[in-house]
Amino acid sequence: MATAKLIFNHKKRVTRRSLITSSENFSAVLLLVLLLLAGSWFLRQGNLYDPWERDISQEQLLQSQPKAALYSPPLKLWRDPTSPSPDSQLDIEPFPLHILDSNWQPRGRISLFEPANLYEKINGEAEKFIRQGFRQLHYLVLRSASEGLEIAIELFDHGDIAGSSGIFADHQSDSSRILRSGPVHYFETGVGMIGRKGRYFFRVAADREGEDVKEKVQQLLEAFADLKEDTQDLPLEYRILSDSLNLPAEAISFQAQNVFQLDSVEDFWFAALDPEDKARAFLHRGSSADASKDLYQAILAEQLYDYEIMQELEDLVILRHGFLNTFFIMQRTGAFILGMENLTEEEGGEDVMAMLLEGIDESIG
Amino acid sequence: MSQSDERYRPDRITRREALARGAGALLGGSVLGYLALAPEHLPFSRRDDTGRRSEPSERPLTLPDYSVSPDDSTIAVSIGRNGEIGTLLRKALDGMGGIRKFVQPGDVVLVKPNVAFDRSPNLGATTNPAIIRELIQLLLVDCRAAEVRVADNPIESPADCFAKSGIGKAAEEAGGRVFLPDGNAFRTLNTPGAKLIENWSFFHRPFRSVTKVIGVAAVKDHNLCSASMGIKNWYGLLGGKRNNFHQDIHEIIADLSMMIHPTLTLLDGTHVLMSNGPTGGDPSLVRKYEVIVAGTDQVAMDAWAYKHLLQRGDDYPEYLFKAEQRGSGRIDASGRIREVV
């Protein structure tokens, strides 16, 4: 008979089995009961959650929870920064508000750049600034309503005077005439100026030269003197050079890297003794006397490629350049390395070295 | 037998067939389940948690060779000296056999100036806009070009850069069409043999249906690579995170020498930023010459400008040697250079 070979009947859902064992019935009922019990337990739990019953302590949970701001101050009302309202309450921090007047108003908003995105402003040059401790750049363009002229202002915050003086020195050329206006040191560029004040370095460039530009640049100069700065101690090396040699701030600069054109030599302060002369005193403070001793030896080894030894004591050496015949004096005392470069006479640096040593002694008590 | 019984046809499936079908269904289900649910990193998985798998893939484009063999192929660099901008430009081009040897009537010409920064032209950070004006007029009037496009992808605001540099105004007044970049203007460009930009985002929109390409580069000091001249100018056509290339700047410039084969290259020797580049900021650092350089060998042109305009001697930047090794040109231009005074 054909139907005898079939496993399923033609409706495919009716079992052909006539007998179901009691063990099967029992286990089915048992599973159903367990399922109902589990479901009822689950439903009874509801939103009941007590951290004490969990394995993570209350303190741990409190520590790891995100800080919730229970109150957020309302947003400031937006206003178009280019709207020509001279009275305005424009927020142009950190620029002093009095750089604006009825004629000169900002073109667009202030742009802020940080080390991570400085390349968006000065691609290709960003590394130079970052090497000198760059922290922030505020960029503002002022437009003259009467002339249609624009002046771009770049204000770099280098964190301390070392960075700002280092990048300022990088921008100077042989023809740069350093001027001083109160706490601001600068040189004029024809279309503006480049300068520094404390930890700030700035570049101001107009579209073209002109009397109105000069007038505005002077006004900006006065405004930059009012730049707000946190009071901070001047670096020790700066104070030693400034006080011992009685030099103005514009004579002192910092070089973060590639000192003496040597890749491994970093963080030296320089003081130009005479604007007409290339001779410079230098000073470096190492992390320890041993570190400075190693650096002293490394510099000496490198300099011997170009210089010959005229005199050598334990921690003092006088070298003469093989072609230029200039003298290089270097001395180490404790963690300090001091000296002079580009001297035209061997004896020319004795007084300066003595003053520097005295300054170091006084500073370390 | 009743009528309903006659319609009834019992299922004749056998046990063996049922097992085979069941096994087949199980196997098919398992395969489909694997393809759909297996983690993405396993072979043949079609799972797409991030949606990246179903992203439309783009076929990289390649640029045609825009170069034209000049009549006198021995001359690779021509220097125009003494005169106003228009005169300098014509002298430089005449040394190469004249602009009409390179651009024919009906050509669509792309001019690529250096508009890198939001700087006024007197600071030497960008190409002199007067050269762009004169060049576009030459192309439209003398060569009867169908269209002249001017394009660059500055990293600062493109509109501000074109406005401040004066190049946008100069181009439009002369009859050119300025193309500013936006997010949809880029496509992946394939540069065979390039080490860093073999497949890289490229400012492609202005290149559609272009038949000739002319680079007009500023000559200036550069903080990282010593000098930015003709080859480095093409950097302005790259998109993406191109600032990362500054870690290996000589390699990327050598790649740029392979990326595009322009019809002509011009070097702006009228405002040369001698130091503190590439942005400058002090006009006293800009040296003014009455010189424009035209040529077809960018390597030789850059070497000449490095020595004679930037006055850096023979200590050429590393990227010129790399570009020479890759066959993009020859540093030594002796016998291939012509001066029109």
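These protein sequence lines are chains A and B, in that order.
Taking this note's numbering, the leading residue of the first sequence gets 40, the next gets one more, and so forth.
Taking this note's numbering, the leading residue of the second sequence gets 74, the next gets one more, and so forth.
Don't be surprised by glycine CBs; every beta carbon is placed ideally from N, CA and C.
Since the structure is predicted, the reported quantities are computational estimates derived from the model, not experimental observations.
(request) Determine the closest residue to A373(B) out of N155(B), A406(B), V251(B), with distance taken between C-alpha atoms. (result) A406(B)
(request) Please list, in chain order, all residues of the same chain as K23(A) whose beta carbon is under 7 Å from its beta carbon, the five residues on each side excluded. (result) Any question about residue 23(A) goes unanswered here, given that chain A covers just 40 to 404.
(request) Label L383(B) either buried or exposed according to how many other C-beta atoms from any shown protein chain fall within 10 Å of its C-beta, with 16 as the threshold for buried. (result) buried
(message) Closer than 8 Å is the cut-off here; do at least three beta carbon pairs connect the segment 188-197 of chain B with the segment 226-243 of chain B?
(response) yes
(request) Count the other C-beta atoms from every protein chain shown that fall within 10 angstroms of the C-beta of A108(B), then say buried if there are 16 or more, exposed otherwise. (result) Checking the sequence, you will find Leu at residue 108(B) rather than Ala. Under this definition L108(B) is an exposed residue.
(request) Please list the partners that R242(A) has in chain B, where partner means a Cβ-to-Cβ separation under 7 Å. (result) G354
(message) I need the straight-line Cα distance from G95(B) to P129(B), nearest angstrom please.
(response) 38 Å
(message) For H295(B), list the residues DSSP reports as bridge partners.
(response) S299(B)
(request) In the DSSP assignment, find the unbroken alpha helix (DSSP H) run with N64(A) in it and report its ends. (result) 61-84
(message) Strictly below 7 Å CB to CB, what residues from chain B border D246(A)?
(response) S193
(message) Suppose contacts are defined by Cβ-Cβ distances below 7 Å. Is G399(B) in contact with M331(B) by that definition?
(response) Residue identity check: residue 399(B) is Arg in the sequence provided, not Gly. Yes, they are a contact pair.
(request) Take the Cβ of M74(B) as the centre, count every other Cβ of all protein chains shown within 10 Å, and call the residue buried at 16 or more, exposed below. (result) A caution first: M74(B) carries a pLDDT of 45, below 50, which makes its placement in the model unreliable, though a value can still be read off. So M74(B) counts as exposed.
(message) I need the straight-line Cα distance from D180(B) to T336(B), nearest angstrom please.
(response) 12 Å
(message) Please identify the residue among Q144(A), L179(A), P145(A), A208(A) whose C-alpha is closest to the C-alpha of K160(A).
(response) L179(A)
(request) Check the C-beta distance from F375(A) over to I399(A) and give it rounded, since I have them as a contact under 8 Å. (result) 5 Å
(request) State yes or no: is the C-beta of G153(B) within less than 7 Å of the C-beta of L161(B)? (result) yes
(message) Let me check understanding here. Comparing Cα to Cα, which of G85(A), Y239(A), N364(A), E227(A) lies closest to A25(A)?
(response) Beyond the ends of chain A as shown, which are 40 and 404, falls residue 25(A); an answer cannot be given.
(request) Identify whether S401(B) lies in helix, strand or coil by the three-state DSSP scheme. (result) coil
(message) Report the CB separation of L346(B) from K285(B) in whole angstroms; it is logged as a contact under 8 Å.
(response) Contact doesn't hold; Cβ gap of about 28 Å is too wide.
(message) Under 8 Å, with one C-beta from each stretch per pair, do the segment 248-257 of chain B and the segment 339-353 of chain B reach the 3-pair mark?
(response) no
(request) Could you tell me which residues DSSP puts in a beta bridge with Q175(A)? (result) D196(A)
(request) Spell out whether any CB of chain B is found under 7 Å from the CB atom of I192(A). (result) no
(request) Report yes if the CB atom of L286(A) is closer than 7 Å to the CB atom of L322(A), and no otherwise. (result) no
(request) Taking only runs that begin and end inside the segment 311-370 of chain A, name each unbroken beta strand (DSSP E) of 3 or more residues, in chain order. (result) 319-324, 346-351, 355-360
(request) Could you name the residues of chain B that V68(A) contacts, counting a contact when the two beta carbons are closer than 8 Å? (result) Near V68(A) there are no residues of chain B at all, since even the closest Cβ is about 30 Å away, more than 8 Å.
(request) Have a look at E207(B), L262(B), I287(B), V283(B) and flag the residue whose alpha-carbon is nearest the alpha-carbon of L134(B). (result) L262(B)
(message) Taking CB distances under 7 Å as the criterion, tell me whether P351(B) reaches chain A.
(response) yes
(message) Can you tell me whether I399(A) is helix, strand or coil according to DSSP?
(response) helix
(request) Taking 8 Å as the threshold, find out whether the segment 317-328 of chain B comes into contact with the segment 207-219 of chain A through three or more Cβ pairs. (result) no
(message) With a threshold of 8 Å, are at least 3 pairs of Cβ atoms found where one atom belongs to the segment 386-397 of chain B and the other to the segment 351-360 of chain B?
(response) no
(request) Could you check how far apart the C-beta atoms of P133(A) and L266(A) are, in whole angstroms? I think they sit under 8 Å. (result) 6 Å
(request) List in chain order: all unbroken alpha helix (DSSP H) runs of 4+ residues lying wholly within the segment 199-271 of chain A. (result) 200-210, 250-264
(request) Quick one: give me the first and last residue of the beta strand (DSSP E) that K185(B) is part of. (result) 181-186
(request) Output yes or no for whether 7 Å exceeds the beta carbon distance between R217(B) and L183(B). (result) no
(request) Determine which residues of the segment 325-337 of chain B have a Cβ less than 7 Å from any Cβ of chain A, and write them out in chain order. (result) none
(message) Which residues of the segment 164-186 of chain A have a Cβ closer than 7 Å to any Cβ of chain B? Give them in chain order.
(response) E164, E166, K167
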